[in-house]
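The structure under discussion appears below in the form of structure tokens.
Chains as they are written, first to last, in the numbering used here: chain L, 1022 to 1296; chain Y, 566 to 1194; chain E, 1016 to 1237.
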């Protein structure tokens, strides 16, 4: 068999397989990467992952189809033990590969950057966020401690609550901080993850779009109960939120009396070292 | 040999033969050093002499105990003998007086071939312990609430598994195979620093033992990354982790140094850089990473130890330090570390493929460029572990770019693999099977890495089982598969014995199948919201976790197939292997089996690279080359 | 030579298996569960749980860590160091805690308010309160999955007759705290203390806080 035959067959195989598989994968798998879709940021992740998957599928198929083809066709035929052709390289193939992979990778990086600066992509941006959505924002502080999250609402008298409730279709500015070790606030359906570092204010933006329950988990190992540091939050309508927060203010007024004034970071006592 | 019976003296009694600088003395001095350190530590901190009392938080005592124990251990093995002899004015000498027989393997031996086999067995032992921990982890994860182990003990199991595996696999290929074969492949009689070579091995063994001793002190809760400030809060078992990684860091740095010196200065005449075997190139690149990255780790751990003992605040925010400092310092080491794990895999696969496809390595320069590119770029990507930590938001596009770019040199390796397979005449021996499996596994690992390098995508998958799947695919699917390829390929040379072919094939197929059925679902688990290192998870994830656990047990059983094969073939049956069963043209296969002590009678003169296979293009139907040629 | 080699291999393998066994045994060490005495049936089921919190658990109850703080539970007339409590499902649990330890303070004063109990209150030495001064908190009893938050008042520093090593007799200085909460369905719930004892590390949460069986436990509801 001449060389072009193998190359042509492989290319044909690959193009057909990619043409079938990529749309299938993008349509079937894309929307559930990740499941949830509860916020603008989470929907952005789904789009992002779908694009990545669309680019990864042909690459995967190329290598896997090639391996299968090679294992089946490029082997020692029964009979004499022969040597293969003494080919040490092909500069056209190498150049083409370098150019194509570089273009693919750089365009992915550009796309990822565009997604990132668009709306912050639900990831913690530190005390000086670079991608700030426009408009009015509800400030909520997430306090991580060993081993539960509590939430403070500075615009509602600084009340602190053990569960997170957010109004739908409102841009929320979450300030994530920790009182002791590194935790990570991960609201799964909302597509939000921000590490809680002691003495640091980690800002992340989210705009919930569905009125549903969402699970909150700690995503950074913080000690014995890291696996149990979970909770359920709720996204509710704006009026329901207003009545909820008013009720929380009255229920937790004894605690609010003792709370320190709202601040983006805390350094609470006791902090005793030595024996 | 003299036949006069009267001239042979009676052997000394066993107890007298055991006195000297050997493993027994080393263990005794190690234990002695441990207790000395413990007592000194209590003296320094002013607490009680009795080691039972105040045993809760005396980190100074434990750290000192470990350090003095290791020093005693090394003295007992005889590592101080040469420096002391030189200080006393004796002339320099290359090697220790070497023993004979299998007792050489139990002490300080400066023959690089002995060190290679010591590494293989020693690392194998600790890998077995770490794998056992993995099985225990999967037992716990059969149920969504803690039922088997207490929550803090589970975290220690997780930490011990990860830490032991990372520490051991760092030298997983360089230790056994580079130590044994790099001098042979470059035509040298020894390595540049034989005593340091032996030192790296025994440091690693002492480290492994120290890490397993963490269970006596309550374990450690931080996982292998040892993040502050949790590190500072942890009980005494954390000190075992600190000393383990510090010793591993020293061992890594010295191993890398030795390799670089050997490869740069001791190549045979005619062996230019462009004729160097690709495996040796990968060892060189790995060594550069080791030498540059390990010191950061050692310094970081020293700072963590100071925080734990004398109340400094390097990493404690309230005291003026920063938890970010630890994360950045750790990952500045940590990212080159994972390329230390990946590069030898590249080297092994590219080295073995030409032998089994009977073709030269395709794209030699491209492969070297890929390895060197990965080495350089690996120092510029570490903050992709910190995308959601609250680092300066403007930095993230840069690290996203650098991490995406590092996939370009990695892609070169794949092109060279595919090019070498192209129109080759392959025989699917067990090493070749492992190479193909490597390609498949590392492809999946690498592609999932592209997802993780994209910051918006990483927001959902950071700290979840998706990351676990990614690195298990690259490290187990990549490095461990290459490790087994190297074992099946080179053990016939190291021992002169053949593996049982059928058992080897059973091992390969069960390992490949169960590896994929175990780790592929982890991608799904991560996407569905399961964080890492958790002892309890959402109830809807129970069926998937149970599937993963059962397949993990089956994967463990497939490893037992390998152990059975090893014991059966190498200990019981012991069938002789040919001198060059794979008909390789590489220099190490041109020596006799067993390899003589000085490797080559005459240092060879090299006139080509080791990939001189194949008929020239256009000459089809060429006569087969004579066997062994 | 082959036999010797085999001997070495076997010894090493046995060594490895022994290490594995030791690690497994160590990892499964959990205090035995203590069943709270139950009475009534169906929707009127109640259980009584009697606990005490002590400053130093003592060498009898914890030979490895005699100086650690700990929770103890009353089981058949004796004080036992166990933090796994068996409770009935959908039942009212009356909890009595004898608090012998001095105050440390709460890092998050939010936890100074009582939550999740019947009536939203607890009784300290008979007096019903909704919250305490966070600086006087010694320990807390919190079950996050049930929303139960109970801060425990600390013994004053100047109090006479403070308890040394546990178990502590009621004649020594203490506060008696009682509250009631309702359990839900079957499951293994966790409870923990939030006061960062075991200072010696900057944020506390050292030793007894991160070792199961002292300041952390399970409620096994069945």
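Every residue, glycine too, gets a C-beta built ideally from N, C-alpha and C.
Being a predicted model, the structure only gives us computed values, none of them experimental.
For a cutoff of 7 Å on Cβ pairs, would you count residue i as touching chain L?
| i | result |
| --- | --- |
| residue 1067(E) | no |
| residue 1229(E) | no |
| residue 1123(E) | yes |
| residue 1205(E) | yes |
| residue 519(Y) | Nothing can be reported for residue 519(Y): it is not among the residues displayed for chain Y, which extend from 566 to 1194. |
| residue 1081(E) | no |
| residue 1133(Y) | no |
| residue 1193(Y) | Confidence at residue 1193(Y) is low in this model, with a pLDDT of 38, below 50, so the placement of that residue is unreliable and no value is reported for it. |
| residue 1145(E) | yes |
| residue 1022(Y) | yes |
| residue 956(Y) | yes |
| residue 1046(E) | no |
Output yes if chain Y places a C-beta closer than 7 Å to the C-beta of residue i; else output no.
| i | result |
| --- | --- |
| residue 991(L) | Here chain L comprises residues numbered 1022 to 1296, so residue 991(L) is not present and cannot be evaluated. |
| residue 1038(E) | yes |
| residue 1221(L) | yes |
| residue 1147(L) | yes |
| residue 1030(L) | no |
So, under 8 Å CB-CB, residue i and residue j are touching, yes? Tell me the CB distance rounded to an integer number of Å.
| i | j | result |
| --- | --- | --- |
| residue 1045(E) | residue 1099(E) | 7 Å |
| residue 1050(Y) | residue 917(Y) | 6 Å |
| residue 1043(Y) | residue 1003(Y) | 6 Å |
| residue 724(Y) | residue 787(Y) | 6 Å |
| residue 1059(L) | residue 1229(L) | 6 Å |
| residue 1119(E) | residue 1148(E) | Rounded, the Cβ-Cβ distance is 13 Å, inconsistent with contact. |
| residue 789(Y) | residue 728(Y) | 4 Å |
| residue 1232(Y) | residue 1156(Y) | Chain Y is shown from 566 up to 1194; residue 1232(Y) falls before or after that span and cannot be answered. |
| residue 934(Y) | residue 995(Y) | Incorrect: roughly 30 Å between the Cβ atoms, too far for contact. |
Is there a C-beta anywhere in chain E that falls below 7 Å from the one on residue i?
| i | result |
| --- | --- |
| residue 971(Y) | no |
| residue 1171(L) | yes |
| residue 786(Y) | yes |
| residue 1240(L) | no |
| residue 694(Y) | yes |
| residue 1130(Y) | no |
| residue 1244(L) | yes |
| residue 735(Y) | no |
Taking C-alpha atoms, which residue in the options lies nearest to residue i?
| i | options | result |
| --- | --- | --- |
| residue 1094(Y) | 1206(L), 1228(L), 1281(L), 1243(L) | 1206(L) |
| residue 821(Y) | 833(Y), 854(Y), 1037(Y) | 854(Y) |
| residue 998(Y) | 1186(L), 1089(L), 1199(L) | 1089(L) |
| residue 1210(E) | 1095(E), 1202(E), 1070(E), 1061(E) | 1070(E) |
| residue 1232(L) | 1257(L), 1240(L), 1242(L) | 1257(L) |
| residue 1093(L) | 1164(Y), 1048(Y), 959(Y), 988(Y) | 988(Y) |
| residue 1163(Y) | 756(Y), 836(Y), 963(Y) | 756(Y) |
| residue 1221(L) | 1287(L), 1056(L), 1068(L), 1049(L) | 1287(L) |
| residue 1278(Y) | 938(Y), 793(Y), 861(Y), 575(Y) | Nothing about residue 1278(Y) can be read from this structure; chain Y reaches only from 566 to 1194. |
I want to see whether chain A comes within less than 7 Å of residue i, judged by CB atoms only; does it?
| i | result |
| --- | --- |
| residue 1225(E) | Here the protein chains are L, Y and E, and chain A is not one of them. |
For the region 1032-1094 of chain E, which segments carrying the alpha helix (DSSP H) assignment without a break, of at least 4 residues, lie completely within its bounds, in sequence order? Within the region 1032-1094 of chain E, the complete alpha helix (DSSP H) segments of 4 residues or longer fall at 1073-1076, listed in chain order.
At 4 residues or longer, what runs of the alpha helix (DSSP H) sit wholly inside the region 730-793 of chain Y? 744-751, 759-777
Whole alpha helix (DSSP H) elements within the region 952-999 of chain Y, 4-residue minimum: Entirely contained in the region 952-999 of chain Y, the alpha helix (DSSP H) runs reaching 4 residues are, in chain order, 961-970, 972-986.
Name the residues in the region 1074-1097 of chain L whose C-beta lies less than 7 Å from a C-beta of chain Y; which are they? 1077, 1080, 1081, 1084, 1085, 1087, 1088, 1091, 1092, 1095, 1096, 1097
Taking only beta carbons into account, state which residues of the region 839-851 of chain Y come closer than 9 Å to chain E, listed in chain order. Nothing from the region 839-851 of chain Y brings a Cβ to less than 9 Å from some Cβ of chain E.
Tell me which residues of the region 1151-1174 of chain Y have at least one Cβ-Cβ distance to chain E shorter than 8 Å, keeping chain order. none
Which runs of the alpha helix (DSSP H), 4 residues or longer, sit entirely within the region 1013-1073 of chain Y? Complete alpha helix (DSSP H) runs here, min 4: 1020-1026, 1030-1039, 1046-1060.
Would you list, in sequence order, the uninterrupted alpha helix (DSSP H) runs of no fewer than 4 residues that lie entirely inside the region 1236-1289 of chain L? 1259-1272, 1274-1279
Residues, ordered as in the chain, of the region 1203-1229 of chain L that lie near chain Y by beta-carbon distance below 9 Å: 1203, 1205, 1207, 1209, 1210, 1212, 1213, 1214, 1215, 1216, 1217, 1218, 1219, 1220, 1221, 1222, 1223, 1224, 1225
Residue ranges of each alpha helix (DSSP H) run of no fewer than 4 residues wholly in the region 1182-1212 of chain L, ordered along the chain? none
Please go through the region 1083-1128 of chain L and give each complete beta strand (DSSP E) segment of 3 or more residues, from N-terminal end onward. none
For the region 1252-1277 of chain L, which residues have a CB atom closer than 7 Å to at least one CB atom of chain E, in sequence order? Within the region 1252-1277 of chain L, the qualifying residues are 1273, 1275, 1276.
Cβ-based contacts, 9 Å cut-off: residues of the region 1051-1062 of chain L near chain Y: 1053, 1054, 1055, 1056, 1057, 1062
Chain L contacts made by the region 990-1001 of chain Y, where a contact means CB separation under 8 Å: 990, 991, 992, 993, 1001
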